[in-house]
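Engineer: One structure follows; several queries about it will come next.
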Amino acid sequence: MREGQGDTRNRRLSQRLLAFLSRRPIIATWYGAVLLYFFLLVLLPTLFVLSFVFTGWQAIQGLLSARPEVLGTIGSAILLSYQTAIIVTLVDLVFGLPLAWFLVRRAFRGKSLLNTLIDSPLAVPTAGLGFSVALFWGVTPFLDFKPFGSLGLVSSGLLILILLHFTTTFPYMVRSLSAILKEIDIDYEIAARASGASKLTATRTVTLPLFRSGIATGATLVLAKALSDTGGVVTALTTIGKFGVNTADCRAEGELNGTALIAAWKTLSDVAGCQSSEFTAGLALVAILMIVSALALLVVVKILTMRARIPMKRIFPTWEKRLSRGIAPRIRDGATFFFLIFLVLIPSFFLIGFLLVGSPEPIEWNTLYRSIYFSFMIAGVATAIDLALGIPMAIFIVRGGMRRLGRAMDVLVNVPYIVPSAALGISLSLFFTQQRLVPVPSLFFIVTLAHVAFTFPFVVRNVTGALEGLDPAMEETARSLGARPLQSFRRVTFPIIKASILAGAIMAFTRSVGETGATLAVAGREAIITAPVYIVNLILEEQNFYAAALATTVLISVSATAMLLMRYITRRAR
Amino acid sequence: MPLVELRRVTKRFGPIVAVEDVDLRVDDGEYVTVLGPSGCGKTTLIKMIAGIWAPTEGEVLVDGRDVVPVLLEDRDLGYVFQNIVLFPHLSVWKNATYSPWVRGLGEEEVSSIGKEVLRLVDLLDQSRFFPRELSGGAQQKAALARALANRAQLLILDEPLSALDSRVRLELRYQLRALVKDLGLTAIHVTHDQEEALSVADRVVVMRKGRIVEEGSPRELYRSPAHIFTSNFVGENNFLEGSIAKRADEWALVALRNQQYLWVPDGRHSVGRAVVLAWRPEYLDLRKGYSPNGLPGTVEGERFLGSELRYIVRLATEERVSVDVPLTHERFKVGEDTTVEFDYEKMLIYPRPYEGLEEALKLE
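Those protein sequence lines, which keep their order, are chains A and B. Using our numbering, the first residue of the first sequence is number 1130, and each one after it goes up by one. Using our numbering, the first residue of the second sequence is number 37, and each one after it goes up by one.
Spelled out as structure tokens, the structure:
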């Protein structure tokens, strides 16, 4: 093969560039920059609100003495959040385990279809899910007719929130459980059964104890998601008439949980007639309590799943044998699929049916298009930043060579994910209005930063997972054949972990597009209207369910198209 | 009466036929090895005996009873895995007592069985350790104890020694057989290692491409394998191709390649028949100068095997043979002319396989 001289020169140049970029100081600088960004613009702003305890103590005291009932309001809101999250997590576990088993251990036709179905609620922004679920289950005081197929049963805030969060969290639970179950060798079950254990006994005594990390991951994801959701909560509570903002009295009304309270107070703090300083203190207080309790809960979950002894002492051979065969497993599978279909899938997509039977109402298409444009801009920029920072961060965690710091980062990266995003938004806006360290950028920029903070962990998690599964010998082989570190990454590591990077990017992007809480908390309901905020506004201000359903459907189809396009492009690129 | 009997068993996975039309009997108290190259269906075969997979066609009988519908946990057998699979979250003690424990036996009985099986494999003093704290060999012994604690008559060993170091493998091999014989158990032991198969078994079953090629005692299989595949897979062999040119009583003159001829003892093949002659390397000898029952050749290489020397010789027929000689044997240099002598008593003769010699010897 003959090559032109220019080719050779180019190649030599790129070789030299690679050699230069692969030098230790350059790589160390890059790591340093990533770490600096993380600490300064992600972690610090996320936890900044905690400093309000010291700087704003007087404001908090002032609020509590002026309006002592506030403490009770906050307490019951946070209690409602945790009741919901814990019940949802337990129920998700009960139905998620058999479904994960079914998906991983059985071979059947249409497995990928079932996988897609399970994931499909993730395509609906939670603001849409909230009122879709509420329309299906709830009594709807603002609607002058009962939509076809609607059950009209639920009027309790707690119950509607639980039903809502089945749809927002169940896919996460099933995904994380089946990912770990895949890693557990089926021979353990076979060995147990060859020793005379029935299926139930084998699962209980062998597979489940090996499964702790999967349960911990699933429970963490579900708890965090259920605690932090705002859009779905606000629309669901509004639809059943349990969320109200009384601008005349400057009071939030209804059955509010933590994030709904933040959304309501944030709205009130922008109202001219209300004392905004009181609400600043109140918001900070809710945010602090939610952040601290969320972190504490996660530690508890970790300890519970890792330390707790699954009751193992007693064995009931005949009973367990009887439950392992015949009708019992069928009842279990039937109940699981009943849950999937009637408590997750149908409520999620009920709003599309509503479009068919509801009476059409006008919708401001321009505002809708603008809001979708905003959502995609923010999500696109945030995902790009996530990738630029997340991949080096993941490499640093797995291969950085600084064991302690790497492990510490592994934990710290999760903090912004675990912190309820509405509380994170409050913290971020406080940070950018009060500190003097970083110049105050535009509101759009702060919203984007907020989105980076809670989507960043998706990329890092996915990439560290893939890197940990990758044999370092592969890169070493490339290096021994003369490849520079950057070359070996590009030619060997990158192609292998590409799928995980893409998965992380898609998760980050969809999460950003569907997010409401942080956006509301930073910008309020008027300044920057992303698509989910627009949906919330339609429901909250106008009770225009038809328009909200239409806007959600448009958003789902645009997101789905974007996703398919992205898959198509990356597949072509291969 | 046989303990285990397979009747015309076939197993298909989609279009792939893993096991085809297999009949097998294993008698009470017998130690049987199933030997075959990887992918020959031997693991599938024992998984069907264990009840992990159901056969597509055919019957599996244990004690004369059809066990296909019987679930794995009710089969009453001990199963030992190649990849050991001790439960990592349980101590050696808990692993060893897993079976009596899940069967709901009383505490005293559980502990007496645990002590007994751990004593058998000599691990009683390590019972508090966790599996990851043991060496590979000790782990497999613990797994064996777990299987024995099931108190089953039938022990199924799926490549039990393949994951271990070669020295440990040798030691454990004989312990395994001694244990099975002492306890009067029946064992079906799958392996791809022919030396292991020969040294532990009462009877060896050779498999290839999902079918049983032949079976017999280790001695029979080594000395007089009926199938040419076995003659090369169980131990090594040298092959010379030719055809019968002339017959005289119990002797035949075989015309080899390049106008070379050998008189060999054979009463079975008629004149004109294409045959393959086979000798193991240790049944050949080298000498300088002419020999009436030998073929001329050139030494092409010499390999040191420890207890003996192996010469690679290119014969006048252009075929290459390996010759094993004791270290005290007279030496040859590479490139030197020599004569290969054949021990006719130990010769094997096969009709030439219709698919060709190379194809007939292929592992897959």
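Just so you know, even glycine gets a beta-carbon here, dropped at the ideal spot from N, CA and C.
Strictly under 8 Å for the Cβ-Cβ distance: is B/S163 near chain A by that measure?
Structural biologist: No, its Cβ sits nowhere closer than 8 Å to a Cβ of chain A.
Engineer: Which chain A residues sit within Cβ distance under 7 Å of B/E109?
Structural biologist: Going along chain A in sequence order, the residues near B/E109 (Cβ under 7 Å) are R1322, G1325, A1326, S1327.
Engineer: Compare the Cα-Cα distances from A/S1617 to each of A/E1604, A/A1628, A/Y1697, A/S1629 and report the closest residue.
Structural biologist: Ranking the options by Cα distance to A/S1617, first place goes to A/E1604.
Engineer: What are the boundary residues of the alpha helix (DSSP H) that includes B/D379?
Structural biologist: Here B/D379 belongs to no alpha helix (DSSP H), and DSSP marks it neither H nor E.
Engineer: Taking only the alpha-carbon atoms, compute the straight-line gap between A/D1273 and A/E1670 and give it to the nearest angstrom.
Structural biologist: Going by the C-alpha atoms only, they are around 17 Å apart.
Engineer: Checking contacts by CB at 8 Å: is A/T1434 closer than that to chain B?
Structural biologist: No, because no Cβ of chain B sits closer than 8 Å to the Cβ of A/T1434.
Engineer: Grouping DSSP H, G and I as helix and E and B as strand, with all else coil, what is A/F1265?
Structural biologist: Residue state, collapsed to three classes: helix.
Engineer: Buried or exposed: where does A/M1130 fall if 16 or more other Cβ atoms within 10 Å of its Cβ makes it buried?
Structural biologist: Residue placement at A/M1130 is flagged as unreliable, the pLDDT there being 43, under the threshold of 50; the coordinate-derived value follows with that caveat. A/M1130 should be labelled exposed.
Engineer: Mind listing the chain B neighbours of A/V1335? Cutoff is C-beta to C-beta under 7 Å, in chain order.
Structural biologist: Simply F123.
Engineer: Is there a Cβ of chain B sitting closer than 8 Å to that of A/D1462, yes or no?
Structural biologist: Answer no: the Cβ-Cβ gap between A/D1462 and chain B never drops below 8 Å.
Engineer: Quick one: grab the DSSP three-state call for A/M1435.
Structural biologist: Reduced to three states, the DSSP call for A/M1435 is helix.
Engineer: Does the beta carbon of A/I1319 come closer than 8 Å to any beta carbon on chain B?
Structural biologist: Closer than 8 Å: yes.
Engineer: Mark A/T1137 as exposed unless 16 or more other C-beta atoms lie within 10 angstroms of its C-beta, in which case mark it buried.
Structural biologist: Classification for A/T1137: exposed.
Engineer: What whole-angstrom Cβ distance do B/E66 and B/D238 have, given they're in contact under 8 Å?
Structural biologist: Confirmed, Cβ separation roughly 5 Å.
Engineer: Skipping 5 residues on each side, what residues in its chain have a beta carbon closer than 6 Å to that of A/E1132?
Structural biologist: Because A/E1132 sits at a pLDDT of 48, beneath the cut-off of 50, its placement in the model cannot be relied upon, and the following sentence gives the value as read from the coordinates. Excluding positions up to five away in sequence, the list is empty.
Engineer: Looking at chain B, is there any beta carbon in it that lies within less than 8 Å of the beta carbon of A/P1338?
Structural biologist: Taking Cβ atoms only, chain B reaches closer than 8 Å to A/P1338, which makes this a yes.
Engineer: In the stretch 1446-1470 of chain A, which residues sit with their C-beta less than 7 Å from some C-beta in chain B, listed in chain order?
Structural biologist: Those would be P1446, in chain order.
Engineer: Could you check whether the Cβ of B/S267 sits closer than 8 Å to any Cβ belonging to chain A?
Structural biologist: So, not an interface residue.
Engineer: Less than 8 Å between CB atoms is the rule here; does A/I1309 satisfy it with respect to chain B?
Structural biologist: No - not a single Cβ of chain B is within 8 Å of the one on A/I1309.
Engineer: Does B/K83 come out as helix, strand or coil in the three-state DSSP assignment?
Structural biologist: Residue state, collapsed to three classes: helix.
Engineer: Identify the continuous beta strand (DSSP E) that holds B/D110 and give its terminal residues.
Structural biologist: Here B/D110 belongs to no beta strand (DSSP E), and DSSP marks it neither H nor E.
Engineer: Using a Cβ-Cβ cut-off of 7 Å (strictly less than) and excluding sequence neighbours within five positions of A/I1444, which residues of its own chain qualify?
Structural biologist: For A/I1444, where only same-chain residues beyond five positions count, the Cβ hits under 7 Å are T1330.
Engineer: Kindly indicate if chain B contains any beta-carbon less than 8 Å away from that of A/T1330.
Structural biologist: At least one chain B Cβ lies under 8 Å of A/T1330.
Engineer: What does A/Y1663 pair with, by DSSP beta-bridge criteria?
Structural biologist: The partner list for A/Y1663 (beta bridge, DSSP) is empty, contrary to what the question assumes.
Engineer: To the nearest angstrom, how far is it from the Cα of B/E41 to the Cα of B/G94?
Structural biologist: Going from the Cα of B/E41 to the Cα of B/G94 covers about 11 Å.
Engineer: Quick one: using the 10 Å Cβ neighbour count with 16 as the cut-off for buried, is A/I1526 buried or exposed?
Structural biologist: Buried, by the Cβ-count rule.
Engineer: Does the Cβ of A/A1464 have 16 or more other Cβ atoms within 10 Å, making it buried, or fewer, making it exposed?
Structural biologist: By the neighbour-count rule (16 or more Cβ atoms within 10 Å), A/A1464 is not buried but exposed.
Engineer: From which residue to which residue does the alpha helix (DSSP H) around A/P1521 run?
Structural biologist: Element bounds for A/P1521: 1494-1528.
Engineer: Would you be able to state if there are at least three C-beta pairs under 8 Å between the stretch 52-70 of chain B and the stretch 221-234 of chain B?
Structural biologist: Contact holds: three or more Cβ-Cβ distances are below 8 Å.
Engineer: Given this structure, state the Cα-to-Cα distance separating B/E81 from B/V55, to the nearest angstrom.
Structural biologist: Reading off the sequence, residue 81 of chain B comes out as Leu, not Glu. Going from the Cα of B/L81 to the Cα of B/V55 covers about 7 Å.
Engineer: Opposite A/Y1694 in the DSSP bridges: which residues?
Structural biologist: Note on identity: in this sequence residue 1694 of chain A is Leu, with Tyr being the wrong assignment. Answer by DSSP bridge pairing: none, since A/L1694 is not bridged.
Engineer: When the distance is taken between beta carbons, is B/L313 closer than 8 Å to B/G278?
Structural biologist: Closer than 8 Å, so yes.
Engineer: Is B/L265 near B/V249, with beta carbons less than 8 Å apart?
Structural biologist: One detail in the question is off: residue 265 of chain B reads as Phe in this sequence, not Leu. A contact, by the Cβ cut-off of 8 Å.
Engineer: At a Cβ threshold of 8 Å, is A/I1369 touching chain B?
Structural biologist: Not one chain B Cβ lies under 8 Å of A/I1369.
Engineer: Near B/A262, which residues of its chain fall below 7 Å by C-beta distance, leaving aside the five closest residues on each side in sequence?
Structural biologist: So the list reads E250, once near-sequence residues are dropped.
Engineer: For B/D218, which residues from the same chain have a beta carbon less than 6 Å from its beta carbon, with the 5 sequence-adjacent residues on both sides left out?
Structural biologist: The answer is none, since no qualifying residue turns up.
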